[in-house]
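Chains as they are written, first to last, in UniProt numbering: chain W, 1 to 208; chain L, 1 to 208.
Below, the structure is given as structure tokens:
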């Protein structure tokens with residue numbers, strides 16, 4: 001995982017001065033435009049028109065529509081991760097931190113993805129095509145999860161026999177129905193009860 | 001769950017005499033046609049042409065393209081379920097039966113869905129739009145799972161404290177990445193190792 005994947009201002013396919021105010025202006029305008037008209041249907045020419053810059057000027061900052069999508073996606077994932085990190089920090093025990101990590105991710109993802117319905121296809125693209133922003137985000141969630149598991153093992157709350165890699169990757173997979181945009185959409189009706197059931201199952205699997 | 005959802009010859013949207021040989025002929029021809037040209041792009045008119053019957057004659061047996069899709073889907077799910085049931089029957093212990101149920105479902109689904117790449121959009125439609133055939137199939141998988149859990153509890157292999165409904169629904173959700181066509185496609189690369197990891201996690205959660 002490189003920092004490229006974590007910071008919107010350095011995301012893949014971007015160019016020109018990183019801190020240029022115009023860059024953020026383009027991202028914000030594109031965000032609003034995608035939210036209104038959808039990511040799939042918008043071209044860079046449409047965007048240029050909406051933002052009030054020339055296509056050539058936009059290409060000074062982003063090499064493609066996907067690069068702009070990446071930047072929006074990275075900002076969105078950053079919001080989700082920040083909320084989760086704050087919730088984990090507030091929780092007292094490793095068990096409670098584990099619950100908060102995944103329940104916050106799902107609650108925040110639901111809020112961001114489905115309030116702005118048309119950004120959903122952007123998120124789905126990012127996840128299924130494994131954009132660097134999505135991969136970087138998943139790596140950060142798994143890193144946070146590993147830290148919680150290690151704390152739980154240290155505190156005697158969790159079992160220590162299973163290799164940590166096996167434990168953390170299995171949990172990331174079992175949580176996919178509540179993290180991956182394609183399945184999250186499909187599982188919205190049963191929230192939060194169904195996620196709590198899977199979290200409880202995982203906590204039973206972690207029992208010493 | 002009604003039998004309508006379980007038997008292809010009674011699936012939703014079908015009409016006319018159930019055992020009519022023409023019905024199966026239409027299903028087989030549609031299956032071959034969808035596998036070659038894709039479900040999404042095919043119209044009932046295209047199908048009629050390919051099968052050599054009139055559109056009106058096809059409508060005697062199926063009320064829509066979806067009804068034909070349903071019938072194909074039900075047949076495909078029936079094959080998966082039969083393979084899983086046979087594998088569960090062969091296994092000796094509840095733990096082994098549990099492993100076999102899900103590993104067979106995933107292996108067979110992968111084989112059926114991705115050998116005939118263009119049937120994949122049919123399966124994805126069926127799952128995301130919750131067609132009766134897909135719902136009936138999931139109900140059968142869960143019924144088989146419950147039976148295995150009860151046997152495991154009886155035999156002292158599995159814990160008995162968690163309500164059976166909670167246990168079985170949580171397991172069905174945690175297994176979604178390896179059962180739902182949308183996520184199965186996304187998780188193909190890590191098979192079978194990643195599924196084994198989640199199965200191991202669930203078995204740890206079932207420990208008495």
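Quick reminder that beta carbons are idealized off the backbone N, C-alpha and C, glycines included.
The alpha helix (DSSP H) that contains residue i, what's its start and end?
i: residue 20(L); result: Here residue 20(L) belongs to no alpha helix (DSSP H), and DSSP marks it neither H nor E.
i: residue 175(W); result: Premise fails: residue 175(W) is in no alpha helix (DSSP H) and is neither H nor E.
i: residue 158(L); result: Note, residue 158(L): premise wrong, no alpha helix (DSSP H); not H, not E.
i: residue 60(W); result: 55–61
i: residue 106(W); result: 94–115
i: residue 136(L); result: 132–154
i: residue 71(L); result: 65–90
i: residue 49(W); result: 44–51
i: residue 216(L); result: Residue 216(L) lies beyond the residue range present for chain L, which begins at 1 and ends at 208; the question has no answer from this structure.
i: residue 162(L); result: Segment: none, residue 162(L) is in no alpha helix (DSSP H) and carries neither H nor E.
i: residue 203(L); result: 193–206
What in chain L is Cβ-close to residue i, meaning under 8 Å?
i: residue 197(W); result: 166, 169, 170 and 173
i: residue 182(W); result: 182, 183 and 186
Would you report the Cα separation of residue i and residue j, rounded to the nearest angstrom?
i: residue 120(W); j: residue 28(L); result: 37 Å
i: residue 141(L); j: residue 100(L); result: 12 Å
i: residue 3(W); j: residue 136(W); result: Bear in mind that the predicted position of residue 3(W) carries a pLDDT of just 38, short of 50, making it unreliable; the figure below should be weighed with that in mind. Spanning the two alpha carbons is a distance of roughly 8 Å.
i: residue 32(W); j: residue 53(W); result: 15 Å
i: residue 197(W); j: residue 21(L); result: 46 Å
i: residue 203(L); j: residue 186(W); result: 26 Å
i: residue 148(L); j: residue 68(W); result: 50 Å
i: residue 144(L); j: residue 43(W); result: 49 Å
i: residue 60(W); j: residue 40(W); result: 22 Å
i: residue 134(W); j: residue 78(W); result: 10 Å
i: residue 170(W); j: residue 146(W); result: 12 Å
i: residue 125(L); j: residue 154(W); result: 46 Å
i: residue 189(W); j: residue 178(W); result: 11 Å
i: residue 98(W); j: residue 182(W); result: 23 Å
i: residue 193(W); j: residue 110(W); result: 14 Å
i: residue 72(L); j: residue 66(L); result: 10 Å
i: residue 82(W); j: residue 108(W); result: 10 Å
i: residue 114(L); j: residue 38(L); result: 13 Å
i: residue 105(L); j: residue 96(L); result: 14 Å
Along chain L, in chain order, which residues have C-beta atoms closer than 7 Å to that of residue i?
i: residue 186(W); result: 128
i: residue 101(W); result: Under the 7 Å cutoff, chain L gives no residues; its nearest Cβ is about 16 Å from residue 101(W).
Residue i versus chain L: which residues are under 9 Å apart at the beta carbon?
i: residue 205(W); result: 200, 201, 202, 203, 204, 205, 206 and 207
i: residue 194(W); result: 169, 170 and 173
i: residue 132(W); result: Those do not exist, as residue 132(W) stays about 17 Å from chain L at its closest Cβ, beyond 9 Å.
i: residue 14(W); result: In chain order: nothing, as chain L lies at least about 26 Å away.
i: residue 115(W); result: Residues of chain L passing the Cβ test: none, with the nearest at roughly 21 Å.
Find the residues of chain W that neighbour residue i, judging by a C-beta separation of less than 8 Å, and give them in chain order.
i: residue 94(L); result: Here the premise fails: no neighbours, minimum Cβ distance about 17 Å.
ask   = Between the segment 145–162 of chain W and chain L, which residues of the former have a C-beta closer than 8 Å to a C-beta of the latter?
value = Per Cβ criterion, the list reads 159 and 162.
Counting only Cβ-Cβ distances shorter than 8 Å, please list the residues of the UniProt domain "HTH tetR-type" (20–80) of chain W near chain L, keeping chain order. Against chain L - using a Cβ distance shorter than 8 Å - the UniProt domain "HTH tetR-type" (20–80) of chain W contributes no residues.
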